[in-house]
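A quick write-up on the structure given underneath.
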Amino acid sequence: MDCKEIRDLVSELWGGELSAEAQEHVDKCAGCEGLFRDARLVQAGFRALAEEAAPEASLGFASRLVRRLQEWEVKGARGEFFETVGRRFVYATLALTLALLLSMVLPTLGPVRGVGSADFLGLQAESQLSQPDVIGGDLGDAHELFPGRLTD
Amino acid sequence: MAISESEVTREIECIRCVQQGDGEAFGLLVERYQQRIFSIVFHLVRRRDEVEDLAQEIFFKAFRAIRSYNFQSSFATWLSRIAVNHCYDYLRKVRASRLSYYSEMTEESSRELERKLESPQAGGLDHGEKVTLRDFVGRLLARAPEDDRVILTLKELEDFSVEEIAELLKLKSSTVKVRLHRARKRMLGDLERWRQEGK
Numbered sequence: 137m138d139c140k141e142i143r144d145l146v147s148e149l150w151g152g153e154l155s156a157e158a159q160e161h162v163d164k165c166a167g168c169e170g171l172f173r174d175a176r177l178v179q180a181g182f183r184a185l186a187e188e189a190a191p192e193a194s195l196g197f198a199s200r201l202v203r204r205l206q207e208w209e210v211k212g213a214r215g216e217f218f219e220t221v222g223r224r225f226v227y228a229t230l231a232l233t234l235a236l237l238l239s240m241v242l243p244t245l246g247p248v249r250g251v252g253s254a255d256f257l258g259l260q261a262e263s264q265l266s267q268p269d270v271i272g273g274d275l276g277d278a279h280e281l282f283p284g285r286l287t288d
Numbered sequence: 099m100a101i102s103e104s105e106v107t108r109e110i111e112c113i114r115c116v117q118q119g120d121g122e123a124f125g126l127l128v129e130r131y132q133q134r135i136f137s138i139v140f141h142l143v144r145r146r147d148e149v150e151d152l153a154q155e156i157f158f159k160a161f162r163a164i165r166s167y168n169f170q171s172s173f174a175t176w177l178s179r180i181a182v183n184h185c186y187d188y189l190r191k192v193r194a195s196r197l198s199y200y201s202e203m204t205e206e207s208s209r210e211l212e213r214k215l216e217s218p219q220a221g222g223l224d225h226g227e228k229v230t231l232r233d234f235v236g237r238l239l240a241r242a243p244e245d246d247r248v249i250l251t252l253k254e255l256e257d258f259s260v261e262e263i264a265e266l267l268k269l270k271s272s273t274v275k276v277r278l279h280r281a282r283k284r285m286l287g288d289l290e291r292w293r294q295e296g297k
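The following block contains the structure:
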């Protein structure tokens, strides 16, 4: 048997009895002998650790835990409700704000000139007519785009 | 923990009650399993001051998850799995603050212990020697990777069989055997390095 095989065997047996062949190697090889002794020492250490008693639960551990769980259930359920409602409220407010901002900005600025509130009502703002169009460059394009309205 | 058939039936009824929201029934389960959970936590974490808090968190998790318990494995196994996973996460979290040096056990005291272990009256270690050994292996465990620590603790300290560990960790028995073998090998290798560093 070589050292590698002994190492495997020691981890397998974990301090248990070696076969005669393995023992023969261990007796001659200082490295493997040390490893075997370490395995026995570690195993004894584990036994000593296992003997050590775990701490006991303090008096009333279970009833305290149940009380806390019941409190958590009430709070948790209420908290979850408010959290959900609150989150929806925030989203709705944000969406409304965004919609308001867009409705204020879109009719007067940028390339998107949907049906603006004034246009929709047929009240073409004078100031808008007198200003050059940012898309077309002059009012000629606007005439083509909205011929019906300009004749009114 | 062997329990009779009638106890199993009562336990099942109790679990069903908890699944329907009966917190008091959960208290009975806590009372039955608290010592088992305390033992697993203590052996895995090895910090007396943390055991109760961690056990509480484990039972909390179990209560929240109990509706998902489908009676496939025993309740003890299911609960122990939650405990092991919770401790595993805890060990990973505290890894950075873990002790990174070995026991103060000298070469001489180590030899003395070895001689005693080899003597025919093995088991004749006095209290101080047992404390030294615990400290020594406790520190070796603290240095081990979490996976090794979990598997070695379940086998060597909690005395679970390979099959029980396999069920608990949802692994094959053959995988548990291989992992156990590797964990022991790594631990011995670690100890060997320490010895060489000390020379």
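Going down the list, the sequences are from chains A and B.
What the first sequence shows, in my numbering, is residues 137 to 288, in sequence order.
What the second sequence shows, in my numbering, is residues 99 to 297, in sequence order.
Even glycine gets a Cβ: it sits at the ideal position worked out from N, Cα and C.
Can you list, in chain order, the residues of its chain with a C-beta nearer than 8 Å to that of residue i? Leave out the 5 residues immediately preceding and following it.
| i | result |
| --- | --- |
| R282 of chain B | L250 |
| V260 of chain B | K253, S271, V274, K275 and L278 |
| L236 of chain A | none |
| V162 of chain A | I142, L154, C168, E169 and F172 |
| E244 of chain B | Y186, L189, R190 and R193 |
| L102 of chain B | Looking at the sequence itself, residue 102 of chain B is Ser, so the reference to Leu does not match. Here the set comprises nothing. |
For residue i, which residues from the same chain have a beta carbon less than 7 Å from its beta carbon, with the 5 sequence-adjacent residues on both sides left out?
| i | result |
| --- | --- |
| R196 of chain B | With a pLDDT of only 48 at R196 of chain B, under 50, the local geometry of the prediction cannot be trusted, and no value is derived from it. |
| W150 of chain A | A175 and Q179 |
| R301 of chain B | Because chain B in this structure spans residues 99 to 297, residue 301 of chain B falls outside the shown range and cannot be described. |
| C112 of chain B | A123, L126 and L127 |
| S201 of chain B | Reliability of the predicted coordinates at S201 of chain B is poor, the pLDDT of 47 falling under 50, and no value is obtained from them. |
| R108 of chain B | none |
| M137 of chain A | E157, A158 and H161 |
Taking the alpha carbon of residue i as the point to measure from, which residue in the options has its own alpha carbon closest?
| i | options | result |
| --- | --- | --- |
| L127 of chain B | B:H141, B:Q294 and B:R114 | B:R114 |
| R204 of chain A | B:K159, B:T230 and B:S166 | B:K159 |
| E155 of chain B | B:R165, B:N183, B:S166 and B:H141 | B:N183 |
| D257 of chain B | A:E148, A:A186 and A:A156 | A:A186 |
| R280 of chain B | A:M137, A:T229, A:I142 and A:S147 | A:S147 |
| A193 of chain A | B:A163, B:R146 and B:E105 | B:R146 |
| A181 of chain B | B:A153, B:A163, B:S166 and B:G287 | B:A153 |
| E209 of chain A | B:E212, B:R291, B:D120 and B:E210 | B:D120 |
| E210 of chain B | A:V226, A:L177, A:R224 and A:E219 | A:L177 |
| M285 of chain B | B:V248, B:I263, B:A264 and B:V116 | B:V248 |
| L289 of chain B | B:I164, B:V235 and B:R162 | B:V235 |
| K140 of chain A | B:G287, B:R291, B:E262 and B:A264 | B:G287 |
If you drop the 5 nearest sequence neighbours on each side, which residues of the same chain put their C-beta closer than 6 Å to that of residue i?
| i | result |
| --- | --- |
| L177 of chain B | Y131 and A160 |
| L142 of chain B | C185 and T251 |
| L255 of chain B | H141 |
| A189 of chain A | none |
| Q117 of chain B | I164 and R165 |
| L145 of chain A | A158 |
| R144 of chain B | G236 |
| F157 of chain B | V128 |
| V149 of chain B | F136, V139 and F140 |
Please report the residue range of the alpha helix (DSSP H) in which residue i lies.
| i | result |
| --- | --- |
| A158 of chain A | A156 to K164 |
| F140 of chain B | G121 to V143 |
| F161 of chain B | R146 to A163 |
| L149 of chain A | C139 to L149 |
| Q170 of chain B | First-last for Q170 of chain B: undefined, no H or E at that position. |
| K228 of chain B | H225 to R241 |
| Q118 of chain B | Per DSSP, Q118 of chain B belongs to no alpha helix (DSSP H) and is neither H nor E. |
| E261 of chain B | V260 to L267 |
| L250 of chain B | E244 to L250 |
Measuring from the CB of residue i, is there a heavy atom of the ligand ADP at a distance below 7 Å?
| i | result |
| --- | --- |
| V221 of chain A | This structure does not include the ligand ADP; it has no bound ligands of any sort. |
Quick one: any contact between the stretch 186-193 of chain B and the stretch 165-177 of chain B, if contact means 3 or more CB pairs under 8 Å? The answer is no - the stretch 165-177 of chain B does not touch the stretch 186-193 of chain B, with fewer than three Cβ pairs under 8 Å.
According to a CB-to-CB cut-off of less than 7 Å, which residues of the stretch 274-292 of chain B neighbour chain A? For the stretch 274-292 of chain B, the set of residues with a beta-carbon nearer than 7 Å to any beta-carbon of chain A comprises H279, R282, K283, M285, L286, L289 and E290, in chain order.
When Cβ atoms are compared, which residues of the stretch 193-206 of chain A fall closer than 9 Å to chain B? Answer in chain order: A193, S194, F197, A198, S199, R200, L201, V202, R203, R204, L205 and Q206.
Using a Cβ-Cβ cut-off of less than 9 Å, give me the residues of the stretch 171-182 of chain A that come near chain B, in sequence order. In summary, the residues of the stretch 171-182 of chain A whose CB is separated from some CB of chain B by less than 9 Å are L171, R173, D174, A175, R176, L177, V178, Q179, A180, G181 and F182, in the order they occur in the chain.
For the 8 Å Cβ check, are there 3 or more pairs between the stretch 177-193 of chain A and the stretch 231-238 of chain B? The stretch 177-193 of chain A vs the stretch 231-238 of chain B: in contact.
Which residues, taken in chain order from the stretch 151-163 of chain B, show a beta carbon closer than 8 Å to some beta carbon of chain A? When C-beta distances to chain A are compared with 8 Å, the residues of the stretch 151-163 of chain B below that value are A153, Q154, F157, F158 and F161, in chain order.
Chain B contacts from the stretch 144-164 of chain A (Cβ-Cβ distance under 8 Å): Listed by position, the residues of the stretch 144-164 of chain A near chain B (Cβ gap below 8 Å) are D144, V146, S147, E148 and W150.
Taking any Cβ of chain A, which residues in the stretch 119-132 of chain B have a Cβ under 7 Å from it, in chain order? In summary, the residues of the stretch 119-132 of chain B whose CB is separated from some CB of chain A by less than 7 Å are G121, E122, F124, G125, V128, E129 and Q132, in the order they occur in the chain.
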